[in-house]
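**Q** So that we are looking at the same thing, I have put the structure below in structure tokens.
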């Protein structure tokens, strides 16, 4: 849902667009074992299709038995599984020869959330690590599948589901007993997966304290999940050849998604070599993301001291000081974080610039995710949105957790994990270059949509406009030649946009950090046009 951090500010929250943290050793990247395994060498192999809930599986860690019985049989390598056959009484486990250390267990969640469609929940098991996900089928015939992740780092996609774009919502205390139908859900015209990642987020968990501290490492597990899902649930089905897969998210998703999508593209090369089904990745959609932290850092002056979003927020004397700091900050961030990357030097540069450009905002008492209103706090508990506490209450109800198949190894649900955020801070993950991943995706024909609510401060439209304009790829000149124009919904101006060569930038007037929450009708219209390959 949102960017969060441990902090330097009086409110204990500082923009993770700066990601200030201590230096720590980096975890080595690891590729899933099995890359390169060919289908021809596995013709006669058999794999477990079904195993019980969170029970013991021979090739995975021993997990405490929960409320679901054991059912085991085998299937041929090339076979797929009908989602209609998935039970709500036990988990079905599927896997993929290319990813021997990964498997997916899934169950139906019957009569839950949106009874007009079938919904499922499950886990991606990676040894002793377990990532939780929700899956909702589309309300209408559709060949589009969306994978959604929230940001943080460390925030659960349950926030996106119940607060923003899912088929049911929890927006008040009354909704805790029964989430209400969302008419503007993104599954109106697409099937949607919500994933709690990385390990330790939401209902995801590890058996022995395993964790992930870098986006590039988390990408391996997400890509493997997508490949398994496509191979076992999509391949060979009617319309499968027309399926379009989209990766979407917001906030720190601006860091996650370019890396995740790039991993999928590179993985497809290996899948094709092995004779397996590639993932039909069509596009990446990032809402109010942090993709280039240097551009975002200096944009705080514009949002706080000019009319870029609303009226100026700070005293003139403070703005003068901020303006004077910008050239020094630009030079520091470029030399210590971009031209070369040294963790300690980059952290020091970010801390220096953060004190000048970020800290003044937190004295205003405004909501960093929507500067049109005060923070409805305390921010460290509510993220300025009390609705997050209603979602937390609902997901901690024993009957909810049982229906979803949540492992008994999972402790209390929290919207955002401080532990995961700390891991990513110590690995200085958010300051690493991400824009080149976007350039690589565009060069390979993957469409990219950057949409931004204009009332957001923390990952604002000014910073996002600047880094998209600075992208270096073959469509650079064509994109920057395009003028911003109005786009409309229902005859009314919804924002401004420009698009060329696969890249689209769009603002959403009157929305904050979470566009589907603030402007659900406009967000759904934007999505539907994007899926239909229509101009905004």
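Numbering (mature numbering (1 follows the signal peptide of the UniProt record, and there is no 0)), first residue to last: -25 to -1, 1 to 511.
From the three backbone atoms N, C-alpha and C, an ideal C-beta is built for every residue, glycine too.
None of these values were measured; they are calculated from a predicted model.
Please tell me whether, using a cut-off of 7 Å, the distance from the CB of residue 408 to the nearest non-hydrogen atom of the ligand MN is below it.
**A** Absence of the ligand MN from the depicted structure is noted, as is the absence of any ligand whatsoever, leaving it without description.
**Q** So, residue 179 versus residue 107, is the Cβ gap smaller than 8 Å?
**A** Yes, they are a contact pair.
**Q** In chain order, what are the residue ranges of uninterrupted alpha helix (DSSP H) at least 4 long that sit wholly in the segment 288 to 371?
**A** Those alpha helix (DSSP H) runs which fall completely within the segment 288 to 371 and span 4+ residues are 291 to 308, 318 to 332, 354 to 357, 362 to 370.
**Q** For the alpha helix (DSSP H) that contains residue 248, what are its first and last residues?
**A** Its alpha helix (DSSP H) spans residues 228 to 248.
**Q** Measuring CB to CB, does residue 85 end up less than 8 Å from residue 63?
**A** In contact: residue 85 and residue 63 (Cβ atoms closer than 8 Å).
**Q** Measure the alpha-carbon distance for residue 317 versus residue 308 and round it to whole angstroms.
**A** Computed Cα separation, rounded: 11 Å.
**Q** Check for me: the beta strand (DSSP E) holding residue 427 runs from which residue to which?
**A** From DSSP, the beta strand (DSSP E) with residue 427 extends over 422 to 428.
**Q** Indicate the three-state DSSP secondary structure (helix, strand or coil) for residue 132 in the structure shown.
**A** In this structure, residue 132 counts as helix in the three-state DSSP scheme.
**Q** Pop quiz: residue 202 and residue 254 are said to be a contact at Cβ under 8 Å. What is the actual Cβ separation, rounded to whole angstroms?
**A** 6 Å between Cβ atoms; contact.
**Q** Under DSSP, the beta strand (DSSP E) around residue 137 begins and ends at which residues?
**A** Run containing residue 137: none; DSSP gives neither H nor E here.
**Q** How is residue 123 classed by DSSP in three states: helix, strand or coil?
**A** Residue state, collapsed to three classes: strand.
**Q** Round the Cβ separation of residue 388 and residue 490 to the nearest angstrom and send it over; I've been treating them as touching at under 8 Å.
**A** The Cβ separation is near 24 Å, so there is no contact.
**Q** Go ahead and label residue 456 buried or exposed: buried means 16 or more other beta carbons lie within 10 angstroms of its beta carbon, across all protein chains shown.
**A** Result: exposed.
**Q** Would you call the segment 414 to 434 and the segment 478 to 497 in contact, with 3 or more CB pairs under 8 Å?
**A** Yes: at least three Cβ pairs fall under 8 Å.
**Q** Suppose contacts are defined by Cβ-Cβ distances below 8 Å. Is residue 204 in contact with residue 406 by that definition?
**A** Their beta carbons are not under 8 Å apart, which means residue 204 does not touch residue 406 by this criterion.
**Q** Touching or not, the segment 456 to 470 and the segment 284 to 299, by the rule of three or more beta carbon pairs under 8 Å?
**A** Verdict: no, contact absent.
**Q** Can you tell me whether DSSP reads residue 148 as helix, strand or coil?
**A** Three-state DSSP puts residue 148 in a helix.
**Q** Alpha carbon to alpha carbon, what distance is there between residue 297 and residue 99?
**A** Roughly 46 Å separates the two Cα atoms.
**Q** Could you give the distance in angstroms between the alpha-carbon of residue 228 and the alpha-carbon of residue 250?
**A** Cα to Cα, residue 228 sits roughly 31 Å from residue 250.
**Q** Go through its chain and collect everything with a Cβ distance to residue 409's Cβ below 6 Å, but skip five positions before and after it.
**A** Here the set comprises 230, 233, 266.
**Q** Determine the closest residue to residue 89 out of 324, 139, 112, with distance taken between C-alpha atoms.
**A** It is 112 whose Cα lies nearest to the Cα of residue 89.
**Q** Buried or exposed: which applies to residue 447, given that a residue is buried once 16 or more other Cβ atoms fall within 10 Å of its Cβ?
**A** With fewer than 16 Cβ atoms within 10 Å of its Cβ, residue 447 is classed as exposed.
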